[in-house]
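Step one of this worksheet: look at the structure below.
Protein chains: 2
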Amino acid sequence: MRLVVVFLFLATVSATCHANCFIEQVVHQIHPLRPRSGAGGYRLENINCQSWRLAVETKNIINWKLVPEACEGYIGHYMLGKQYRKDCETVANVAIEYAKSLTLAGDGKDIWVFDIDETTLSNMPYYARSDVQFGALPYNDTKFNEWVAEGTAPPVPASLRLYQTLLPLGFKIVFLTGTAERFRAIRTSNLKAAGYHTWEKLILKGEADKGTTALVYKSKKRTELVNSGYRVLGNMGDQWSDILGDNAGDRTFKVPDPMYYIG
Amino acid sequence: MRLVVVFLFLATVSATCHANCFIEQVVHQIHPLRPRSGAGGYRLENINCQSWRLAVETKNIINWKLVPEACEGYIGHYMLGKQYRKDCETVANVAIEYAKSLTLAGDGKDIWVFDIDETTLSNMPYYARSDVQFGALPYNDTKFNEWVAEGTAPPVPASLRLYQTLLPLGFKIVFLTGTAERFRAIRTSNLKAAGYHTWEKLILKGEADKGTTALVYKSKKRTELVNSGYRVLGNMGDQWSDILGDNAGDRTFKVPDPMYYIG
Chain Y
1 MRLVVVFLFL ATVSATCHAN CFIEQVVHQI HPLRPRSGAG GYRLENINCQ
51 SWRLAVETKN IINWKLVPEA CEGYIGHYML GKQYRKDCET VANVAIEYAK
101 SLTLAGDGKD IWVFDIDETT LSNMPYYARS DVQFGALPYN DTKFNEWVAE
151 GTAPPVPASL RLYQTLLPLG FKIVFLTGTA ERFRAIRTSN LKAAGYHTWE
201 KLILKGEADK GTTALVYKSK KRTELVNSGY RVLGNMGDQW SDILGDNAGD
251 RTFKVPDPMY YIG
Chain P
1 MRLVVVFLFL ATVSATCHAN CFIEQVVHQI HPLRPRSGAG GYRLENINCQ
51 SWRLAVETKN IINWKLVPEA CEGYIGHYML GKQYRKDCET VANVAIEYAK
101 SLTLAGDGKD IWVFDIDETT LSNMPYYARS DVQFGALPYN DTKFNEWVAE
151 GTAPPVPASL RLYQTLLPLG FKIVFLTGTA ERFRAIRTSN LKAAGYHTWE
201 KLILKGEADK GTTALVYKSK KRTELVNSGY RVLGNMGDQW SDILGDNAGD
251 RTFKVPDPMY YIG
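Sequences listed follow chains Y and P, in order. Number 238 in the numbering used here belongs to position 238 of the first sequence; there are no gaps in the numbering. Number 134 in the numbering used here belongs to position 134 of the second sequence; there are no gaps in the numbering.
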């Protein structure tokens with residue numbers, strides 16, 4: 001059945017395809033060599049990639065390890081195409097409207113919490129690599145940390161626009177990330193190079209929190225902020241573990257991310 | 001500008017359109033007569049309907065009153081087309097996989113909580129009406145209650161399949177709805193006619209809870225269940241107010257609903 005489909009596909013290629021056909025064929029050849037696995041590592045039959053993405057974004061599918069093999073192309077097109085950008089712009093627009101509707105106390109304690117990866121900085125140059133494939137290949141800690149150490153991640157444009165709107169409104173910015181403390185210097189220079197030139201706090205994950213889940217770690221750090229007199233008026237992240245838990249914030253904003261899951 | 005677009009549209013209609021063109025033109029003529037309003041009642045510029053729907057489903061846009069005028073057609077096509085059905089099937093598949101992974105205590109206290117409207121029963125025959133327009137026209141309590149009183153709502157097929165899977169696994173079913181207590185008889189017959197033939201409890205909103213938000217009301221009712229010894233292993237609803245709050249359940253499942261918001 002599959003062979004027949006492949007044959008028909010190849011037979012029609014010359015009539016219908018564009019310049020990237022060769023690349024697609026090569027990529028297709030790689031697929032049978034890779035284990036098939038969906039959310040949770042099992043094989044998903046007849047997966048609808050749009051439905052999979054919605055289920056991920058709405059926290060129906062959790063604890064997943066890999067983008068389903070069948071959806072690698074779909075997720076790649078989504079992330080590199082217009083829709084991801086538009087989705088991010090819409091979230092930023094809603095957040096800006098909310099931020100502008102508030103009257104701040106003016107005591108410097110009104111904060112907006114931002115996650116970093118896939119929220120304020122984009123790792124797309126890394127995720128688009130052929131050895132990463134938009135999260136369809138297993139996460140490699142060493143490789144990812146090498147990319148972080150380059151310090152060249154661009155901003156998520158919509159989130160940078162939100163950031164630039166929040167500052168003159170009087171919000172103090174707190175970056176709260178699961179990145180390890182040892183990357184403080186490079187993350188600082190990366191944030192500044194991307195346009196995030198000032199902040200109240202940049203909280204990275206120290207040795208004491210190593211091994212705790214993102215949800216527990218971020219809840220704890222937000223609680224410390226609240227205990228210090230800060231008010232979390234807004235909180236934005238690409239993972240539900242960024243925006244659920246203790247002192248999640250008066251309003252939370254979920255930026256799309258169908259490439260990986262952090263619990 | 002708009003007139004030019006309309007002219008070009010009409011000029012190309014004869015060449016490109018199908019049988020429903022006349023209907024589309026009539027619907028288009030109605031639009032200028034209606035107030036433009038987006039999430040929260042304000043005018044949204046350059047709205048991307050896919051982004052709007054994702055933002056609604058991920059709880060970024062809250063407290064909205066109407067489907068944006070510009071998205072009425074998009075939402076209608078989504079709800080009546082294949083994607084809504086596939087999205088519901090995917091949520092049900094994930095829920096079934098979760099349910100099957102559990103070992104129940106066998107004491108009859110393991111429950112699955114279902115919301116009713118747009119979760120187990122579908123109001124599509126109502127929402128597709130020309131005087132409702134998939135939530136693009138203001139909600140009319142009297143009209144909606146007349147529809148509920150007919151008791152003819154069909155099931156959401158994917159959720160019925162989940163229900164049919166849960167029963168033999170040993171789950172007790174609890175329906176928890178914001179529908180008023182006075183509709184108990186008709187809701188009971190409607191559920192049974194739609195295929196939901198048995199349940200542990202059918203909880204409707206009594207006089208004591210009138211005026212409380214859905215989030216507070218449903219939290220209270222779930223807490224009463226837990227205090228009676230029940231364990232909420234799963235909880236499924238089309239609104240975030242169904243699945244957030246106290247005793248939300250070990251796993252929650254968000255069924256798509258871009259037609260209305262209940263806080």
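For glycine and all other residues, C-beta sits at the position ideal for the given N, C-alpha and C.
Based on the DSSP output, what are the partners of residue i in its beta bridges?
i: Y:Pro-155; result: Y:Leu-121
i: P:Lys-172; result: P:Ile-111
i: P:Leu-237; result: At residue 237 of chain P the sequence reads Gly, which differs from the Leu that was named. Paired residue(s): P:Lys-254.
i: Y:Arg-222; result: Y:Arg-222 pairs with nothing; no bridge assigned.
i: Y:Arg-184; result: Answer by DSSP bridge pairing: none, since Y:Arg-184 is not bridged.
i: Y:Lys-205; result: Y:Ala-180
i: Y:Arg-314; result: A query on residue 314 of chain Y cannot be resolved here, the shown segment of chain Y reaching from 1 to 263 and no further.
Closest Cβ-Cβ distance between residue i and chain Y: below 8 angstroms?
i: P:Ile-61; result: yes
i: P:Gly-76; result: no
i: P:Glu-57; result: yes
i: P:Phe-171; result: no
i: P:Ser-37; result: Legend: pLDDT at P:Ser-37 = 44, less than 50; position of this residue unreliable, no value from coordinates given.
i: P:Gln-83; result: yes
i: P:Phe-22; result: With a pLDDT of 35 at P:Phe-22, under the threshold of 50, the modelled position of that residue is not reliable, and the figure given next carries that caveat. Not one chain Y Cβ lies under 8 angstroms of P:Phe-22.
Contact check, residue i vs residue j under 8 angstroms by CB: the rounded distance?
i: P:Glu-57; j: Y:Glu-200; result: Not a contact, Cβ separation roughly 32 angstroms.
i: P:Ala-149; j: P:Ile-186; result: 6 angstroms
i: Y:Pro-135; j: Y:Tyr-260; result: Residue identity differs from the one stated: residue 135 of chain Y is Gly in this sequence, not Pro. The Cβ separation is near 5 angstroms, so the contact holds.
i: Y:Ala-70; j: Y:Cys-88; result: Not confirmed; about 25 angstroms, so no contact.
i: P:Ala-92; j: P:Pro-155; result: Wrong, their Cβ atoms sit about 12 angstroms apart, outside the cutoff.
i: P:Trp-64; j: Y:Thr-90; result: About 13 angstroms separates the two Cβ atoms, so there is no contact after all.
Indicate whether residue i and residue j have their beta-carbon atoms separated by less than 8 angstroms.
i: Y:Tyr-196; j: Y:Lys-205; result: no
i: Y:Gly-106; j: Y:Gly-170; result: yes
i: P:Asp-110; j: P:Leu-225; result: no
i: P:Trp-240; j: P:Lys-220; result: no
i: Y:Leu-66; j: Y:Ala-128; result: no
i: Y:Val-94; j: P:Ile-203; result: no
i: P:Asn-227; j: P:Ala-248; result: no
i: P:Ser-122; j: P:Ala-153; result: yes
i: P:Thr-119; j: P:Gly-237; result: yes
i: P:Gln-164; j: P:Glu-72; result: no
i: Y:Leu-162; j: Y:Ile-96; result: yes
i: Y:Ile-116; j: Y:Phe-175; result: yes
i: P:Trp-112; j: P:Ile-173; result: yes
i: Y:Leu-54; j: P:Pro-256; result: yes
i: Y:Tyr-126; j: Y:Phe-144; result: yes
i: P:Tyr-139; j: P:Pro-258; result: no
Could you tell me whether the Cβ of residue i comes closer than 8 angstroms to any Cβ of chain P?
i: Y:Pro-256; result: yes
i: Y:Asp-87; result: yes
i: Y:Val-94; result: yes
i: Y:Asp-90; result: The question names Asp, but residue 90 of chain Y is Thr in the sequence shown. Yes, Y:Thr-90 counts as interfacial toward chain P.
i: Y:Gly-41; result: Residue placement at Y:Gly-41 cannot be trusted, given a pLDDT of 43 that sits under 50; what the coordinates show is reported in the next sentence. Not closer than 8 angstroms to any Cβ of chain P, the Cβ of Y:Gly-41 fails to qualify, so no.
i: Y:Pro-168; result: no
For the ligand ATP, I want to know if residue i counts as a neighbour, meaning its beta carbon is within less than 7 angstroms of at least one of the ligand's heavy atoms.
i: P:Gln-83; result: In the structure on display, the ligand ATP does not appear, and there are no ligands present to speak of.
Short-range partners of chain P found in the stretch 111-126 of chain Y, where Cβ spacing is below 9 angstroms: none
Identify each residue in the stretch 44-55 of chain Y for which the Cβ-Cβ distance to at least one residue of chain P is less than 7 angstroms, and report them in chain order. Asn-48, Gln-50, Ser-51, Trp-52, Leu-54 and Ala-55
Just by C-beta distance, which residues in the stretch 176-204 of chain Y are closer than 7 angstroms to chain P? none
Return the residues of the stretch 214-245 of chain P that lie within a Cβ-Cβ distance of less than 7 angstroms from chain Y, sorted by chain order. none
In the stretch 131-161 of chain Y, which residues sit with their C-beta less than 9 angstroms from some C-beta in chain P, listed in chain order? none
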